[in-house]
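Residue numbers (the numbering used here), protein chains in the order written: chain Z, 8 to 311; chain H, 8 to 311.
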């Protein structure tokens, strides 16, 4: 007999991650692929879903399915509305959007979250709210400043266990398009990791002036042999993450400890940049997306 | 008998412009193509040069040839060094680099200009120095703040007729890569010119905070119907040009009048953004590249 009480999915722009979760909240199976929504052709989400999870669904016929991430965006499978702020596990559990797949299985989609002030810029997120819910549930600290690095990096502010504000920085995407498509990539070469070049980039970002007037130094420094071709990528990464961190800390200050919810090398870069900029930072335990999905499912009554 | 005293070339990244110039400094012939250095395959500069200017060269065998622009960069025809600051028409005329083409004709290349402070970021330009020389020669104002919009926009500061400082902003290239390769281009649609969306973008850039945290609003505003798909490009253009103008004016203040050396719609955008940000701005007469090349050739003794 299966121990699976929930099938939970984090379906983002560039990745698909799914877990079988026991009644106790433990992962008892995991599928991680690069089948993000960008890789799904002609909206064939149902077929991709069946291909990736068909065996799990066959073997667990009565088990509920929950999903979060960019899969609920305008270019995803089922577009959901956005929960307004403040929002937390109760509100998100109350706004799940049920969708019946071709095989007749119900997926409960977690909606996204938005701010849309009349006198300011709107902002949206899909998926990160679930990771934050996971962290808030797992952590003692219900008042938290959480940074989620990525293509569209998010800074999320929570009070008393609910999300009260957030901002998006296009840091990861800017890094990718500048290296891949601008003149800054022309003088670049591959090489070993260069942590000192990353730190140089952070320091440049910390000084006054706009990033728009500093980016070109990733080329001009190479022309004057002040940066090696195999250091360009690290230097640019440092400038962009440094600019994000500088901006975030200008808003929130350095007194409050910051939790980085992310994995591997990228989370490590954020820790380095935050520390260089005077903040106290730590990384969250892994598994926050899975944990957030489980908690939302619990509050919705999908699992005991 | 030919009236041509000089063949002058502005060979940039994305354009090739050449003029036959009379002894009086007037253009008596013009060739404008999109054969910038990016379009030249396998370094075949000599062949492209012959193809574009062969008839002029045949018809004007004794006439000197001068060229400026990215053609002297590391990825151009002949890489030249950079003149240090301060620099002006005398220094540039004294540092022309002669190159003999396959047909035995000499091209006099204008070198680029650089700053490379030990305690700051280096910066380089190739071509814009010649346009500035042209403007300084044509203008009464020898102390000038000159903005040259483009892929890599330049702010150039001149005192007593010589260039004393400059900065590069990657504004044009950032606009192109974000619309062409990032998520911001996904919700974009073509449409008529939207000057009010451009102005909205400038206003967003003027408020505090980093551009890195504002770019995403070119998507989120569309999701909330606060920006139409056919307004995305104008809004992004306004944000980026506004950020450049805000940064430049933070450094130089708004007291000094600013001259925009550029053409058409782009120069007009800069005038609008500069005016919105409280500066006094005007556009230079057209033909500054040609005029600068002529002045440098004069000082080098290539023309009387």
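Built from N, CA and C at the ideal position, the CB exists for glycine as well.
Within chain H, partners of residue i - CB distance below 9 Å
i	result
residue 251 of chain Z	217, 219 and 220
residue 276 of chain Z	Correct list: empty, because the minimum Cβ distance to chain H is about 15 Å.
residue 211 of chain Z	128
residue 118 of chain Z	Ordered by position in chain H, no residue passes the 9 Å Cβ test against residue 118 of chain Z, which lies about 13 Å from the chain.
Within 8 Å, strictly: CB atoms of residue i and residue j
i	j	result
residue 175 of chain H	residue 159 of chain H	yes
residue 60 of chain Z	residue 28 of chain Z	no
residue 204 of chain H	residue 234 of chain H	yes
residue 71 of chain Z	residue 106 of chain Z	no
residue 139 of chain Z	residue 163 of chain Z	yes
residue 207 of chain H	residue 179 of chain H	no
residue 41 of chain H	residue 300 of chain H	no
residue 189 of chain Z	residue 239 of chain H	no
residue 161 of chain H	residue 135 of chain H	yes
residue 77 of chain H	residue 157 of chain H	no
residue 249 of chain H	residue 212 of chain H	yes
residue 22 of chain Z	residue 43 of chain Z	yes
residue 73 of chain H	residue 117 of chain H	yes
residue 296 of chain H	residue 30 of chain H	no
residue 303 of chain H	residue 113 of chain H	no
residue 263 of chain Z	residue 181 of chain Z	no
residue 219 of chain H	residue 251 of chain Z	yes
Within chain Z, the residues that residue i reaches when beta carbons sit closer than 9 Å
i	result
residue 190 of chain H	20, 158, 159, 177 and 180
Cβ of residue i within 8 Å of any chain Z Cβ
i	result
residue 241 of chain H	no
residue 305 of chain H	no
residue 110 of chain H	no
residue 81 of chain H	yes
residue 73 of chain H	no
residue 171 of chain H	no
residue 137 of chain H	no
Residue i: contacting residues in chain Z (beta-carbon distance under 8 Å)
i	result
residue 224 of chain H	128, 129 and 130
residue 174 of chain H	220
Short CB-CB distance (under 8 Å) between residue i and chain H
i	result
residue 205 of chain Z	no
residue 227 of chain Z	yes
residue 185 of chain Z	yes
residue 8 of chain Z	The predicted model places residue 8 of chain Z with a pLDDT of 47, which falls under 50 and marks its position as unreliable; any figure quoted below should be read in that light. It does not; no Cβ of chain H falls within 8 Å.
residue 310 of chain Z	no
residue 88 of chain Z	no
Within chain H, the residues that residue i reaches when beta carbons sit closer than 8 Å
i	result
residue 231 of chain Z	121, 123 and 129
Among the options, the one whose alpha carbon lies nearest that of residue i
i	options	result
residue 122 of chain H	H/108, H/146 and H/91	H/91
residue 141 of chain H	H/277, H/55 and H/298	H/298
residue 210 of chain Z	Z/190, Z/243 and Z/83	Z/243
residue 272 of chain H	H/290, H/262 and H/256	H/290
residue 48 of chain Z	Z/25, Z/39, Z/153 and Z/83	Z/83
residue 54 of chain H	H/65, H/108 and H/23	H/108
residue 146 of chain Z	Z/169, Z/30 and Z/156	Z/169
residue 288 of chain H	H/260, H/310, H/311 and H/307	H/260
residue 149 of chain H	H/219, H/129 and H/171	H/171
residue 155 of chain H	H/303, H/127 and H/255	H/255
residue 231 of chain Z	H/181, H/124 and H/67	H/124
residue 195 of chain H	H/173, H/93 and H/227	H/227
residue 128 of chain Z	H/279, H/292, H/215 and H/262	H/215
residue 280 of chain H	H/253, H/309 and H/222	H/253
residue 111 of chain Z	Z/258, Z/120, Z/186 and Z/57	Z/57
residue 67 of chain Z	Z/284, Z/26, Z/89 and Z/104	Z/26
residue 86 of chain H	H/192, H/119 and H/237	H/119
Neighbouring residues, chain Z, relative to residue i (Cβ below 7 Å)
i	result
residue 254 of chain H	216, 217, 219 and 220
Any non-hydrogen atom of the ligand GTP closer than 7 Å to residue i Cβ
i	result
residue 68 of chain H	With respect to the ligand GTP, the structure offers nothing, as it holds no ligand at all.
Output the residue ranges of the beta strand (DSSP E) runs that lie fully inside the stretch 244–295 of chain Z and measure 3 residues or longer, sorted by chain position. With a minimum length of 3 residues, the continuous beta strand (DSSP E) runs that stay inside the stretch 244–295 of chain Z are 265–267 and 288–290.
Unbroken stretches of the beta strand (DSSP E), 3 residues or longer, contained in the stretch 139–226 of chain Z: Listed in chain order, they are 151–155, 160–166 and 169–176.
Run through the stretch 56–119 of chain Z for me and flag every whole beta strand (DSSP E) of 3 or more residues, listed as ranges in chain order. If we require 3 residues or more, the beta strand (DSSP E) runs fully inside the stretch 56–119 of chain Z come out as 72–75, 89–91, 104–107 and 113–116.
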